[in-house]
Every structure is written in C-alpha cells, then in structure tokens.
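Take a look at the structure set out below.
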Amino acid sequence: MAKAGVLYVGTDSGLYILSDPGGLGRWRLLPNVAFPTEPVFGLVAADSRSLVIATKQAFWRSDDGGQQWREADSEDQALFNFLAGDRLPVATVQGMGVWREHHVPLAGVNLLAVLSGKQEVLLASVDEGSRLLRSDDGGKSWHPVTTEWQGALSALAPSSYHIDVVWAGTDSGQIWRSDDRGRTWQYVSTVPAAVRCMAAVRVA
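Shown next, in the form of structure tokens:
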C-alpha cells in the first residue's frame with residue numbers, strides 16, 4: 302500500500318498544506334492555513350512532521366506538521382544560507398541550495414531544479430517564469446517543455462520520495478506535478494496566493 306503524502310506550499314499569504322491520504326495521487330488542499338500571518342519565501346521539510354520556514358521577520362520551526370511553531374535555532378537558520386548569497390538558488394531532493402558552479406548553466410534562468418538519478422535532469426525557468434526548459438546532459442543542450450499553467454513559474458521542488466516526481470508552483474497559485482522527470486505536467490490544485498516555495502514528503 303502506498304504511503305500518504307504531504308505537500309507544504311509557502312505563499313505570499315502563508316503556508317498551505319496539501320494531503321494525499323491514501324497515496325493514490327488524490328491531493329486535497331487542507332482548509333486551515335498553517336502559518337497565516339505573513340509571506341513564506343523559504344521552506345525546508347525534513348519529513349512530514351518537521352519543517353522550517355523563512356519569513357521576512359524570522360525563521361520558524363514546527364515538529365507537528367505545522368500546527369505549532371517556535372522560533373528556529375541557528376542550526377535550522379543555516380539551512381537558508383542560499384538566500385543570502387548571489388549564487389543561483391537550486392531546488393534538489395535535499396531541499397534548496399546553490400548552483401555548484403559560479404557561472405549559471407543557462408542565460409536568463411531565474412529558477413533551477415536538479416533531479417538526481419542515473420541520468421541527472423535539469424529544469425530551468427527562463428524569461429521571468431514564462432518558459433520551462435529541460436536538459437538531460439548537464440546543461441549542454443536544452444529543450445522546451447509544453448506547459449498549460451497560468452501565470453509565471455515561481456517555484457520548483459523535486460519530491461523526496463520518488464526520483465521521477467517534481468512539483469511546480471506559479472504566481473497565480475496553481476500547483477502542478479510531473480511524474481516523468483519534468484517531461485509532462487498535470488494540474489493538482491490552486492492556493493489563494495502566489496507560490497514561493499514547496500516541499501513534498503511522504504508520511505513516515
């Protein structure tokens with residue numbers, strides 16, 4: 302039996318949570334906003350219960366799936382060092398980091414995701430989120446991906462539970478998922494504000 306899934310979504314109006322209770326791909330937006338007070342622009346989830354978020358004012362940690370929060374310690378805050386530098390942020394299975402080289406792999410890229418596996422795949426958002434490109438040769442060549450989402454692409458997040466699954470969010474609040482390493486995409490849900498960050502985990 303497939304394990305249940307949880308998708309944390311940081312937006313301009315707080316943190317939203319989507320749940321897939323039976324692990325069947327039937328994702329549902331939970332009615333309560335987990336962190337409704339301010340925009341969430343950084344998010345790291347260790348598992349389905351433990352996560353740390355970054356807001357403009359502070360860093361916050363929850364160990365019960367977003368029900369209660371406390372201010373994060375310095376070790377948790379270090380998870381967001383990628384926000385402080387001028388290197389290109391990169392979404393990976395382990396969370397956010399920075400691009401491994403000083404030069405960016407593609408001109409005009411504003412979002413980058415690395416999908417690990419035998420053949421590493423790069424997904425790049427270009428032209429201010431209006432186009433998505435895909436590379437399976439380390440960035441030597443890029444191919445356009447056909448998408449139907451509304452608004453500009455504003456977040457990418459490889460899942461922590463399957464190397465073929467990656468999530469995308471837009472500034473219109475739409476959430477999409479690819480099950481084939483970014484080749485094709487299917488609509489999942491819409492949240493009430495622009496998506497800024499995401500993390501997809503399985504319930505332990």
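If you count the sequence shown from 1, you need to add 301 to reach the working numbering.
All residues carry an ideal CB built from backbone N, CA and C; glycine is no exception.
The structure presented is a predicted model; accordingly, all values stated were derived computationally and were not measured.
Contacting residues, own chain, Cβ-Cβ under 7 Å from residue i (five flanking each side not counted)
i, result
"A408", "none"
"A453", "E429, G430, S431, T471, D472"
"P445", "R432, L434"
"F383", "P390, M397, G398, V399"
Beta-carbon contacts of residue i that lie in its chain and below 8 Å, excluding the five residues immediately before and after
i, result
"E372", "A359, F360, W361, R362"
"E339", "G315, T356, K357, Q358"
"S417", "T393, V394, P459, I464"
Contact belief for residue i with residue j at Cβ below 8 Å, rounded distance in angstroms
i, j, result
"G406", "L423", "Checking the sequence, you will find Pro at residue 406 rather than Gly. Sure, about 7 Å apart at Cβ, within 8 Å."
"T393", "P459", "6 Å"
"V415", "V399", "V415 to V399, Cβ: 11 Å. No contact."
"W443", "A425", "7 Å"
"R506", "V492", "Here the chain has residues from 302 to 505 only, and residue 506 is not among them."
"S455", "W328", "Wrong, their Cβ atoms sit about 19 Å apart, outside the cutoff."
CA nearest to the CA of residue i, picked from the options
i, options, result
"I464", "V341, G452, D480, W400", "D480"
"I318", "Q451, S349, T485", "S349"
"K441", "R478, E421, A500, S455", "E421"
"F342", "R503, A495, L325", "A495"
"D374", "I354, V399, T312", "I354"
"L435", "S455, K419, T485", "Looking at the sequence shown, residue 435 is not Leu but Arg. Closest option to R435, Cα to Cα, is T485."
"F336", "L352, L325, R329, A347", "L352"
"A347", "D377, R329, R327, D321", "D377"
"Q487", "D313, L413, T447, F383", "T447"
"W450", "F383, K419, R478", "R478"
"N333", "V310, M499, Q475, G439", "V310"
"G439", "E402, M499, G326", "E402"
Residues that DSSP places opposite residue i in a beta bridge
i, result
"F360", "A355"
"Y317", "V310"
"Y488", "W477"
"G343", "A355"
"E372", "W361"
"A425", "L413, L434"
"P459", "V467"
"R252", "Since the first residue of the chain shown is 302 and the last is 505, residue 252 is not available in this structure."
"A392", "M397, A414"
"P337", "P337 pairs with nothing; no bridge assigned."
"H444", "R435"
Neighbourhood of residue i by C-beta, 6 Å cutoff - its chain only, sequence neighbours within 5 removed
i, result
"L308", "L319, A501"
"G396", "V345"
"M302", "In this predicted model, M302 has a pLDDT of only 40, less than 50, meaning its place in the structure is not dependable; the value taken from the coordinates is given anyway. Nothing listed; no residue qualifies."
"F381", "G343, A355"
"D313", "P340, A494, A495"
"V410", "A425, V427"
"L330", "L319, S490"
"L248", "Within the shown structure, residues of the chain are numbered from 302 to 505, placing residue 248 beyond reach of any answer."
"P322", "A305"
How do the segment 356-373 and the segment 382-393 stand: do at least 3 beta-carbon pairs fall below 8 Å, yes or no? Result no; under three Cβ-Cβ pairs closer than 8 Å.
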